[in-house]
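See structure below.
Number of protein chains: 2
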Amino acid sequence: MAELFWERGYAATSPRNVLVRTEVGQGSMYHHFTGKHDLALQTLTSVTAEVAAESELLDGAGAPLERMMRYLTRPREGIRGCRAGRMTQDPQLVEDAELIAVVAGAFDTIIDRWRRVIVEAVADGELSETVVPYDLAYALVAVIQGGYVLARARGAQERTPRFAACSPCSTPLATPRRRITHPTK
Amino acid sequence: MAELFWERGYAATSPRNVLVRTEVGQGSMYHHFTGKHDLALQTLTSVTAEVAAESELLDGAGAPLERMMRYLTRPREGIRGCRAGRMTQDPQLVEDAELIAVVAGAFDTIIDRWRRVIVEAVADGELSETVVPYDLAYALVAVIQGGYVLARARGAQERTPRFAACSPCSTPLATPRRRITHPTK
DNA sequence: GTCTATAATGCGATAGAC
DNA sequence: GTCTATCGCATTATAGAC
Numbered sequence: 057m058a059e060l061f062w063e064r065g066y067a068a069t070s071p072r073n074v075l076v077r078t079e080v081g082q083g084s085m086y087h088h089f090t091g092k093h094d095l096a097l098q099t100l101t102s103v104t105a106e107v108a109a110e111s112e113l114l115d116g117a118g119a120p121l122e123r124m125m126r127y128l129t130r131p132r133e134g135i136r137g138c139r140a141g142r143m144t145q146d147p148q149l150v151e152d153a154e155l156i157a158v159v160a161g162a163f164d165t166i167i168d169r170w171r172r173v174i175v176e177a178v179a180d181g182e183l184s185e186t187v188v189p190y191d192l193a194y195a196l197v198a199v200i201q202g203g204y205v206l207a208r209a210r211g212a213q214e215r216t217p218r219f220a221a222c223s224p225c226s227t228p229l230a231t232p233r234r235r236i237t238h239p240t241k
Numbered sequence: 057m058a059e060l061f062w063e064r065g066y067a068a069t070s071p072r073n074v075l076v077r078t079e080v081g082q083g084s085m086y087h088h089f090t091g092k093h094d095l096a097l098q099t100l101t102s103v104t105a106e107v108a109a110e111s112e113l114l115d116g117a118g119a120p121l122e123r124m125m126r127y128l129t130r131p132r133e134g135i136r137g138c139r140a141g142r143m144t145q146d147p148q149l150v151e152d153a154e155l156i157a158v159v160a161g162a163f164d165t166i167i168d169r170w171r172r173v174i175v176e177a178v179a180d181g182e183l184s185e186t187v188v189p190y191d192l193a194y195a196l197v198a199v200i201q202g203g204y205v206l207a208r209a210r211g212a213q214e215r216t217p218r219f220a221a222c223s224p225c226s227t228p229l230a231t232p233r234r235r236i237t238h239p240t241k
């Protein structure tokens, strides 16, 4: 179901699809899961845990800024979308408080991991003291998520993916690697 | 249908839903539209044109940077998502080349409008010459789109929306207003 | 635990009267 | 141009035999 979730989202994935893909009998599935919601809850818990775990790159070895760059520039499959972020636009999933809470929790984990590296980077003098760690963390996660959104819009358009020069690794993140100068208000 | 699109997306909106909401007969609808795809195409064309038109703020009066800030910080209904960007995560819509092309076109328009203001800002010395206009434009559009993604994840979690202090205007964009210091690589 | 059968509902679309 | 009726199919389950 994790595969189907990534391909089609929650609403568009039927228990029947799962049966076909897994070659499992209908009775078996309904014996182990109470229904679609349960199936989704377990899938989502596992998938978001994986996605959140990927942000452990931010805790690895090396200088804070180096770790930030490593995570920011790692290959991402833009056209397939973020396995967690995509769920956010599925109306049926968002209406299910239990399911969306799982997704939100994953983002909390990731944002907090970002925040802590940023605090380190500021302490080390790698980033300006004017940086507000939580806010920058939030913005960086947003850029990544927005990169996926744009990648999906453009990808289906069959344009040469500007950020996916060498498939199968599209990095919608080539952009933030550049220097971004923002107004100081 | 524009309303239903925003609420539920393409896949989850049935022609039947449209009939009920508009209180129009089924025969009438199928007389004026060939089917669901046609209905969607016309809706999407109109909606994305509106969304793209909102970026005309970037062409208004005032200094380039001022216009950028005006557009960036205008109120946005984070929890409802972007009427264009949300479509991007609808698997059924993305598979329809004609439909996703409409969405992609809207983003092209918006990104280009951003790019032109940025070029102006650089020329006026408001932004550093090291800025790559298209890349910054792309990143800014991504931040906005990502802000919607995060807002939807958090909103359903019933947290106090950090960026939506005063409803009904949630501005997932409070973040980019702060200074963002990026590594120069 | 796993199977097949079938329920009840909604989907996208069409038919054909008026 | 608009109406009601209906088609054929998919959906999310549930029933009850094995």
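These protein sequence lines map, in sequence, to chains C and E.
In the working numbering, each residue carries its 1-based index in the first sequence increased by 56.
In the working numbering, each residue carries its 1-based index in the second sequence increased by 56.
Ideal placement from N, C-alpha and C gives every residue a C-beta, glycine not left out.
Quantities reported herein were computed from a predicted structural model and do not represent experimental measurements.
Amino acids of chain E, ordered along the chain, whose beta-carbon sits closer than 7 Å to that of residue i
{"i": "C:A209", "result": "T144, I156, V159, A160, F163"}
{"i": "C:R64", "result": "P147"}
{"i": "C:R141", "result": "It is worth fixing the name first, because residue 141 of chain C is Gly in this sequence and not Arg. Result: V205."}
{"i": "C:G137", "result": "Q145"}
{"i": "C:V175", "result": "Here the premise fails: no neighbours, minimum Cβ distance about 14 Å."}
{"i": "C:A179", "result": "Those do not exist, as C:A179 stays about 14 Å from chain E at its closest Cβ, beyond 7 Å."}
{"i": "C:A67", "result": "A67, A68"}
For residue i, three-class secondary structure by DSSP
{"i": "E:R142", "result": "helix"}
{"i": "E:R132", "result": "strand"}
{"i": "C:L114", "result": "helix"}
{"i": "E:M125", "result": "helix"}
{"i": "E:M242", "result": "Residue 242 of chain E cannot be examined here, being either before or after the span of chain E that is shown, 57 to 241."}
{"i": "C:E176", "result": "helix"}
{"i": "E:T186", "result": "coil"}
{"i": "C:V80", "result": "coil"}
{"i": "C:E106", "result": "helix"}
{"i": "E:E151", "result": "coil"}
{"i": "E:W62", "result": "helix"}
{"i": "E:G91", "result": "coil"}
{"i": "C:G137", "result": "coil"}
{"i": "C:G181", "result": "coil"}
{"i": "C:A209", "result": "helix"}
{"i": "E:K198", "result": "For clarity, residue 198 of chain E is Ala in the given sequence; the question names Lys instead. E:A198 falls in the helix class under three-state DSSP."}
{"i": "C:A68", "result": "coil"}
{"i": "E:A119", "result": "coil"}
Cross-chain neighbours of residue i in chain E, by beta carbon under 9 Å
{"i": "C:I200", "result": "A198, G202"}
Contact belief for residue i with residue j at Cβ below 8 Å, rounded distance in angstroms
{"i": "C:A207", "j": "C:I135", "result": "6 Å"}
{"i": "E:A177", "j": "E:P120", "result": "4 Å"}
{"i": "C:L192", "j": "C:A96", "result": "About 33 Å; that fails the 8 Å criterion."}
{"i": "E:R210", "j": "C:A160", "result": "6 Å"}
{"i": "E:P189", "j": "E:I174", "result": "4 Å"}
{"i": "E:A162", "j": "E:A108", "result": "5 Å"}
**Message:** Taking contact to mean 3 or more Cβ pairs, one atom from each stretch, closer than 8 Å, check whether the region 122 to 137 of chain E and the region 115 to 125 of chain C are in contact.
**Reply:** no
**Asked** Counting Cβ pairs closer than 8 Å, one from the region 95 to 102 of chain E and one from the region 161 to 169 of chain C, do we hit at least three?
**Response** no
**Message:** Measuring CB atoms only, is the region 70 to 80 of chain E touching the region 106 to 115 of chain E, in the sense that at least three cross pairs come out at less than 8 Å?
**Reply:** no
**Asked** Using 8 Å as the Cβ pair cut-off and three pairs as the minimum, do the region 83 to 93 of chain C and the region 135 to 151 of chain C touch?
**Response** no
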